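Protein chains in written order, with this note's numbering: chain A, 22 to 259; chain B, 34 to 421.
Let me begin by presenting the structure, written as structure tokens, before commenting on it.
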Amino acid sequence: MLLMVGIAANAQSGSIGLTARLGYNIGAYAPLSIPATITSIDAFHLTPSPQVGVDIAIPLSNQWGVASGLRFENKAMDVAITAKGYHMVMSRGGEGLEGLFTGHVVQHSTGWMLSLPVYATFDPCPKLRLKAGPFASLLVKKEFSGIASDGYIREGGATGPKITIGSTSDTWATYDFSADMRGFQWGVAIGADWQVLPKIGIYLDMSMGLRGIFPADFTAVEQTLYPIYGTLGVFYRL
Amino acid sequence: MKHWKLWLIAPMMAACVTLLSGCTKETAKNTECDMLSTWVEGKQYEQYFFSASGMRVDNISSTTTEITFIVKSMENLPEQLPVYFTVTTGASISPASGSMQNFKNGPVTYTVTSESGENSRQYTVVFRQLEITTGNTLLYSFEGVDSVTKSSCQYHVFYETGISGERNYIWASGNEGVTLIHSNWTPSKFPTRSTNDGHQGKGVCLTTQDAGAMGRMMHKPIAAGNLFIGSFNVDQVLINPLKCTRFGTPVNKEPVKVSGYYKYQPGEVFTDANMNTIEGRTDEASIYAIFFRNQNESGENFSLYGDDFTTSPYIVKIGQVASLPPTDEWTRFELTLEGNAPDAEALANFGYSMTLVFSSSKSGDTFEGAIGSTLLIDEVEVTFKQEQ
């Protein structure tokens, strides 16, 4: 809709610009506040999470405009945490062990997605463009799995049977909620494009998913997790 | 130019604060409330126990809610005894640890409350004297059956009735471990259950079962039906299942022979711990009787577990039924315990324990067997050595 307005408006103002982007996503599928049941974050590994895309920008006035585009990108997270009484479900084939886990969790999540942002743009000076607006992502590949080790799970709750979880592959517990992940994410994003050379520049975007990555009735993970990512990259004006 | 910077920076800061907010969070209060160990303190009380080790119960499992102290005589027990406890860090216990309580009239209930205050568990502490076996034989007919409910499942447990009518839950099985991987199972689905088609009245039916996707994930793809004298502690079921089965009950007589009736049919496909089919191998059942010293050299309590129940140096006598050929008719089996003679004084003071172990798959402890193998057991009789 905005785009259509933009194209219509374009008849009156400047020319449409096309931009190719190559960036790197860094962030997390994270709860809005880290619960007390996660006692420490022990490791946070960088993931191979590129972003490639093409934007179309339509100026509406000297400084204002609209932009949109299509991106193919990856948002992933590799994190190790220590939990105490963290609610979780270890499951396989429809059978599960549900309870409160105390110990180490190594969590791997990744989502390959096609994203469509729609921005309002503002150029405070010729070399800088600020952007803000909603985005939507369609996931084409998703994974959310992990290993719980070196601790124990209290089945059903804090007073349930205490099942010791070991530190080797045949004594630790794994979980995989890839299939439960939502295939569609949306949220808001802000960003800045800084034109360094006539056709080349760098950009920094921040995106905040406003929809949990799991459906509301999914209870195996204690918190609602949102994709919160920053993107650093270079663009080229076509 | 200044105002746009704030516009950009403020949300970024907000996001960073969100990500880092965990670092400043207070540690949550402990929500657990377990009794970990308990003991009677005071030299003057040693005379009431068979040994100093009998005054302590350590490593209380997470599913235990009844703690038993074995005493020589309930009649001679003092009116008041101080029992001490350790509980989960931060938790409290009421009545207080070390407070004087009367155990002569039955169990005393203690409540452990978590540091967070939101959870509590009740424990009963009971003092009991062991039943002295006076006859030369002991018959287990498996008529005493209870259904217990755990984690949405219901399964059978077997008990023997004591002289004053009390239920002694000397029999244990791995059923509790099975409840962890299934929901809403009824007794008939469990590897260990009661059957109405016993040799006389009720009997025991043991079936080797598929442990499901969870079991395969943990490299424990089958669950053999088992029944043994002892207790099952589910805590280590994932990391060391052989430590879950703790064998034996104290006896004051020396077992020499065990007999009874069985039926057996092996399952069709024999598989290993990785669920690979082993061609040409047929499953077999097993029946053991083991008589062992229940204290080590330092006078501490000793128990046989699944990992050493045929090899431990504390075993004094052991017997196994040589073969249990498949049969659909109730067939008599018999085994003789071979080994050394026990020390008479230690025996009189319940310094030895006995266990009987039945399994529908002989190698079920290493997760090898055939799903569907079924062993039925009934009217098991232990013959003790006649006194001179």
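Note that CB positions come from ideal geometry on N, CA and C, so glycine has one too.
On a predicted model such as this, the values are computed, not experimentally measured, just so you know.
Judged by their CB atoms, Pro-288(B) and Val-415(B) are nearer to each other than the 7 Å cut-off. In the structure shown, the three-state DSSP call for Asn-208(B) is helix. Checking the DSSP bridge columns, you'll see Gly-263(B) partnered with Phe-280(B). By the CB criterion at 7 Å, Ala-101(A) and Val-127(A) fall inside the cutoff.
Put simply, the stretch 314 to 324 of chain B touches the stretch 288 to 302 of chain B. At least three CB pairs are less than 8 Å apart.
Of all residues in the stretch 86 to 101 of chain B, those with a C-beta nearer than 9 Å to a C-beta of chain A are Ser-94, Ser-95, Thr-96, reading in chain order. Residue burial annotation: Pro-358(B) is exposed, with fewer than 16 other C-beta atoms found within 10 angstroms of its C-beta. It is roughly 9 Å from the alpha-carbon of Arg-326(B) to the alpha-carbon of Leu-380(B). The C-alpha of Tyr-338(B) is placed about 15 Å away from the C-alpha of Val-349(B). Here the alpha carbons of Ala-49(A) and Phe-223(B) stand approximately 43 Å from one another.
Look at the stretch 220 to 252 of chain B: the residues with a C-beta under 8 Å from a C-beta of chain A are Gly-245, Ala-246, Met-247, Arg-249, Met-250, Met-251, His-252. In chain order, Ser-184, Leu-213 make up the part of chain B whose C-beta sits under 7 Å from the C-beta of Glu-176(A).
Per DSSP, the unbroken alpha helix (DSSP H) holding Gly-245(B) starts and ends at 245 to 250. A straight line joining the alpha-carbon of Trp-85(A) with that of Phe-93(A) spans about 26 Å. Put simply, the CB of Leu-260(B) is far from chain A, with every gap to its CB atoms at 7 Å or more. Neighbours of Lys-96(A) across chain B, judged by C-beta separation under 9 Å, do not exist; the nearest C-beta is about 14 Å away.
In the structure shown, the three-state DSSP call for Ala-355(B) is coil.
Here DSSP, grouped into helix, strand and coil, assigns Pro-274(B) to helix. For Ala-57(A), the nearest beta carbon of chain B is closer than 7 Å to its own beta carbon. Shown here for Leu-259(A): same chain residues with a beta carbon closer than 7 Å to its own, the five before and five after excluded, namely Leu-39, Thr-40, Ala-41 in chain order. By the Cβ-count criterion, Asp-67(B) is buried, with 16 or more other Cβ atoms from all chains shown falling within 10 Å of its own Cβ. Close CB contacts of Val-145(B) within its chain, under the 6 Å cut and outside five residues either way in sequence, are with Cys-66, Met-68, Val-120, Ala-124, Ile-126, Arg-154 (chain order).
For Phe-235(A), DSSP assigns no beta-bridge partner whatsoever. Distance from Thr-166(B) to Phe-417(B) at the Cβ level is roughly 7 Å; contact confirmed, criterion being Cβ atoms closer than 8 Å. Under the rule that a run must span 3 or more residues, the beta strand (DSSP E) segments found entirely inside the stretch 104 to 167 of chain A read 116 to 146.
For Asn-152(B), the chain A residues whose Cβ falls inside 7 Å of its Cβ are Ala-179, Thr-180, in order along the chain. Secondary structure note for Leu-380(B): its alpha helix (DSSP H) is the uninterrupted segment 377 to 381. In the displayed model, Gln-77(B) falls within a helix according to three-state DSSP.
Beyond the five residues adjoining it in sequence on each side, Arg-365(B) comes within less than 7 Å, by CB distance, of Ser-292, Tyr-294 in the same chain, given in chain order. Under the DSSP assignment, Cys-66(B) falls outside any beta strand (DSSP E); it carries neither an H nor an E label. Boundaries of the beta strand (DSSP E) harbouring Met-387(B): 385 to 392, taken from the DSSP string.
Along the stretch 77 to 128 of chain B, the beta strand (DSSP E) occurs as fully enclosed runs of 3 or more residues at 99 to 104, 114 to 120, 125 to 127, listed in sequence order.
In the displayed model, Pro-224(B) falls within coil according to three-state DSSP, outside both helix and strand. In terms of beta-carbon proximity, Lys-183(A) lines the interface with chain B, with at least one pair separated by less than 7 Å. Per the DSSP secondary-structure output, Leu-408(B) pairs in a beta bridge with Leu-239(B), Tyr-297(B). The stretch 327 to 335 of chain B and the stretch 251 to 267 of chain B do not touch, with fewer than three beta-carbon pairs separated by less than 8 Å.
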